[in-house]
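Per this note's numbering, the very first residue in the sequence shown carries number 421; after that it's consecutive.
From the three backbone atoms N, C-alpha and C, an ideal C-beta is built for every residue, glycine too.
The structure presented is a predicted model; accordingly, all values stated were derived computationally and were not measured.
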Amino acid sequence: MDHQQTARILVAGSGPAGLIAALGFADAGFPVTLVGPEANGQDGRTTALMNPALNILERLGVLDEVRSKAAPLKVMRIVDATNRLIRSPVVIFRASEIGEEQFGLNLPNSALNLALAGAVAAHSGIEWRKAMVATWCLDADRAHAILSDGSEVAASLAVAAVRQD
């Protein structure tokens with residue numbers, strides 16, 4: 421595919437961070453090109469999101485869709501896992517101590533990814549290119565991404581939201 425596109429904002433990565441970034445920029449009125457494969461609806465991991473992050477999911481319109489699949493984080497236990505001779509004692513915090521019902525929610529990534537992907541697909545301000553960024557290069561005022569399908573996206577702002585194993 422020989423295709424060149426100019427975008428205002430390029431978000432590379434279609435995990436939760438990339439999908440949230442794309443939705444946030446698009447909701448603020450910026451046209452976004454999202455580059456990454458289909459969202460992973462089979463991801464068996466979970467993500468703990470604190471209340472401020474949940475407020476963002478609510479603003480993006482996806483919190484209600486995932487809330488029933490989540491577990492509330494009501495207690496936080498801090499453990500000194502160092503190998504020092506003298507270790508700090510275990511400390512336990514309860515959300516109720518600060519007048520909160522919970523610190524946040526532990527969400528299954530499978531549900532979070534699918535809810536965010538649905539919101540991205542429904543958003544008219546986001547073009548989702550189902551490819552990978554093969555390489556980047558920068559010039560004075562743009563980031564240029566060469567995609568795995570051979571096309572190129574140039575953008576004024578590039579956001580890398582790709583997990584590195």
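Cβ atoms of residue 577 and residue 429 come within 8 Å of each other, at about 5 Å.
Contact annotation, residue 526 with residue 436: C-beta distance approximately 13 Å; criterion of less than 8 Å not satisfied. Residue 495 is bridged by DSSP to 514.
Between residue 491 and residue 524, the beta carbon gap of about 10 Å keeps them out of contact (Cβ cut-off 8 Å).
Here the stretch 493-513 makes no contact with the stretch 433-453; the two share fewer than three CB pairs at distances below 8 Å.
Look at residue 444 here: in three-state DSSP terms it is helix.
DSSP, reduced to helix, strand and coil, places residue 582 outside both helices and strands of the structure shown, so it counts as coil.
For residue 548, the number of other beta carbons within 10 angstroms of its own is at least 16, and it is reported as buried. Between residue 510 and residue 455, the alpha-carbon positions lie close to 43 Å from each other.
Under the Cβ criterion (8 Å, minimum of three pairs), the stretch 452-469 counts as touching the stretch 549-557. Sixteen is the threshold: since fewer than 16 other Cβ atoms of the shown chains lie within 10 Å of the Cβ of residue 512, the residue is exposed.
Proximity of the stretch 438-453 to the stretch 478-492 meets the contact definition, three or more beta-carbon pairs being nearer than 8 Å. An exposed status is given to residue 464, since fewer than 16 other beta-carbon atoms sit within 10 Å of its beta-carbon. One thing to note: residue 439 has its Cβ within 9 Å of the Cβ of residue 537.
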